[in-house]
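K.L.:
First the structure, then my questions, so here it is.
As structure tokens, this is what we get:
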């Protein structure tokens, strides 16, 4: 999990630096692929971070839990401590919820980007130009 998160961050950094270099050279195909890769990394980076934090925390807690056995706890205290160390139900709730939020946010960002490309005061002028040119091309 930690290696996955570090590799994802390294790829994000690498693609970002390569994108800056390739913009000077105008390599459109590579620039498009790098932008798509960065977009995909941005989409799944929060899930990767949650995954890493969950598994590192669980590993540390179980290592700590192994030393708790040496303490003389009552059976009820020991069961409560072990159930509180189990993070999987929280992870199983949080990871899909994060994916759902990311998908919804991405949809809103794409809609806003498309709407933002055309200024409100220019929409009618652009429609007139488009349909005028379409009419002339068909006639």
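Numbering (our numbering), first residue to last: 83 to 221.
A virtual CB, placed ideally from N, CA and C, is assigned to each residue, including glycine.
Because the structure is a prediction, the values reported are computed rather than measured.
Count the other CB atoms, across all protein chains shown, that sit within 10 Å of the CB of residue 191; report buried if there are 16 or more and exposed otherwise.
P.N.:
By the 10 Å Cβ count, residue 191 comes out exposed.
K.L.:
Roughly how many whole angstroms lie between the Cα atoms of residue 175 and residue 129?
P.N.:
Distance between the alpha carbons of residue 175 and residue 129: 12 Å.
K.L.:
Given a cut-off of 8 Å on the beta-carbon distance, is the pair residue 134 and residue 89 in contact?
P.N.:
Not a contact, by the Cβ cut-off of 8 Å.
K.L.:
Do you know offhand how far residue 143's Cα is from residue 97's?
P.N.:
For residue 143 and residue 97, the distance between alpha carbons rounds to 35 Å.
K.L.:
Mapping the DSSP letters down to three states, classify residue 83 as helix, strand or coil.
P.N.:
Three-state DSSP puts residue 83 in coil, outside helix and strand.
K.L.:
May I ask which residues mark the beginning and end of the alpha helix (DSSP H) holding residue 164?
P.N.:
Its alpha helix (DSSP H) spans residues 157-167.
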